[in-house]
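For the sequence shown, full-length UniProt numbering gives the first residue as 1, with consecutive numbering after it.
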Amino acid sequence: MSHTITIRDGTLADEAHILDLFDSAIEYLPTIGSGDQWGPQLFSKQQSRQEGLSRIVTASVENQKNASPGDLFDMSRDNIPHARILVAESTPTTSGGAVVGQKGVEKGEEEDGEAPAVRVAGLAYQDFVPPNMAANEQYRPSADMINAREGKFVYVWVLVSNFRVDAERRKGGGSALLGRTIELAKAHGKKWVYVDCWTGNDRKLVQYYERQGFSLVKDFLFEKPDGSMWPGSLLELDVEKYNG
């Protein structure tokens, strides 16, 4: 059975599910040699992570009230920095392209109890460099360069997939979220989209973003609170040259 990926804004009802996206990734990443990307501790076991996510989701939802679906959002409106959250859902479709669960389209035994729609990925973007990154000594020159382009960029703060569903079901969720973000940026006259990512495990994540149209700006090291170093890369996408 094929699946259709749709993108929507996050809601308050997504908060627990987004937290579980992170947990699913933390449990999965060690199986592919990427356990150091986010470490071993589940986000659901970290109160600071839970509280931070709750604030971000609430702020994103509040900002939606004054925005139409096509708006980019002014993420730091009223001097309250926050991110906009987008969610990718996968919906099973019949061979004729109809969405299972729609009126007149019955769910069959072969679907193995699949729900009509499953959250398969989440993304958050903002119009400023994350403060913890801007404070990093190695990253600061890049942060200053990006922030000098105020009003002309968006920054992908996080992209995470749901590893509790099979690979075929979640396939394309991340790409669709990035594509939607880039479309919004272009529609509102933004020139660049930025993202940073972990560079371990033979730079597989860097290569993923390069396949999405991003180009490497520079590598950097980020010192974590425990004193260990987190190797990262900053990438940018020229919106005008994007052909996704």
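Positions of the beta carbon are idealized from the N, C-alpha and C atoms, including for glycine. If you're wondering where the values come from, they're calculated on a predicted model, not measured in any experiment.
Report the CB separation of serine 60 from glycine 122 in whole angstroms; it is logged as a contact under 8 Å. 11 Å between Cβ atoms; not a contact.
Other residues of its chain near glutamate 106: CB distance less than 7 Å, five sequence neighbours each side excluded: For glutamate 106, the pLDDT reaches just 36, beneath the cut-off of 50, and the residue's location in the model is therefore unreliable, although a value from the coordinates is still provided. Sequence-distant Cβ neighbours of glutamate 106 in its own chain, meaning closer than 7 Å and more than five residues away, do not exist here.
For histidine 17, the three-state DSSP class (helix, strand or coil): Helix, per DSSP.
Anticipated Cβ contact below 8 Å, valine 206 with valine 156, distance rounded: The C-beta distance from valine 206 to valine 156 rounds to 14 Å, too long to meet the 8 Å contact threshold.
Pull up the distance between the alpha-carbon of phenylalanine 220 and that of aspartate 127, whole angstroms please. Their backbone Cα atoms lie some 21 Å apart in a straight line.
In three-state DSSP terms, what is proline 92? The three-state reading of DSSP puts proline 92 in strand, counting E and B together.
Taking 8 Å as the cut-off, decide whether the C-beta atoms of serine 233 and aspartate 202 are in contact. It is not a contact, given that the beta carbons lie outside the stated cut-off.
Comparing C-alpha positions only, which one of Ile18, Gly35, Pro30 and Ala134 sits nearest to valine 158? The shortest Cα separation from valine 158 among Ile18, Gly35, Pro30 and Ala134 belongs to Ile18.
Beta carbon of alanine 167 nearer than 8 Å to that of valine 120: For the pair alanine 167 and valine 120, the CB atoms are not nearer than the 8 Å cut-off.
Which residues bound the alpha helix (DSSP H) around aspartate 144? From DSSP, the alpha helix (DSSP H) with aspartate 144 extends over 140 to 147.
Which of the three DSSP states, helix, strand or coil, is assigned to methionine 229? Methionine 229: strand per DSSP, three-state reduction.
Grab me the residues of glutamate 164's own chain with a C-beta within less than 6 Å of its C-beta, minus the 5 sequence neighbours each way, in chain order. The question names glutamate, but residue 164 in the sequence shown is arginine. If we look at arginine 164 and ignore the five residues flanking it on each side, its Cβ neighbours are Ser24.
Label proline 92 either buried or exposed according to how many other C-beta atoms from any shown protein chain fall within 10 Å of its C-beta, with 16 as the threshold for buried. Buried is the call here.
Neighbourhood of threonine 181 by C-beta distance below 8 Å, restricted to the same chain and skipping five residues each side: Leu86, Leu123, Tyr125, Val154, Val156 and Val193, listed in sequence order.
Between leucine 177 and isoleucine 7, how many whole angstroms is the CB-CB distance? I'm expecting something under 8 Å. The pair is a contact, with the Cβ atoms about 6 Å apart (cut-off 8 Å).
Methionine 133 burial status per 10 Å Cβ neighbour count (16 or more: buried): Methionine 133 is classed as buried because its beta carbon has at least 16 other beta carbons within 10 Å across all chains shown.
Applying the criterion that 16 or more other CB atoms from any shown protein chain within 10 Å of the CB defines a buried residue, is arginine 55 buried or exposed? The residue in question, arginine 55, is exposed, as its Cβ has fewer than 16 Cβ neighbours within 10 Å.
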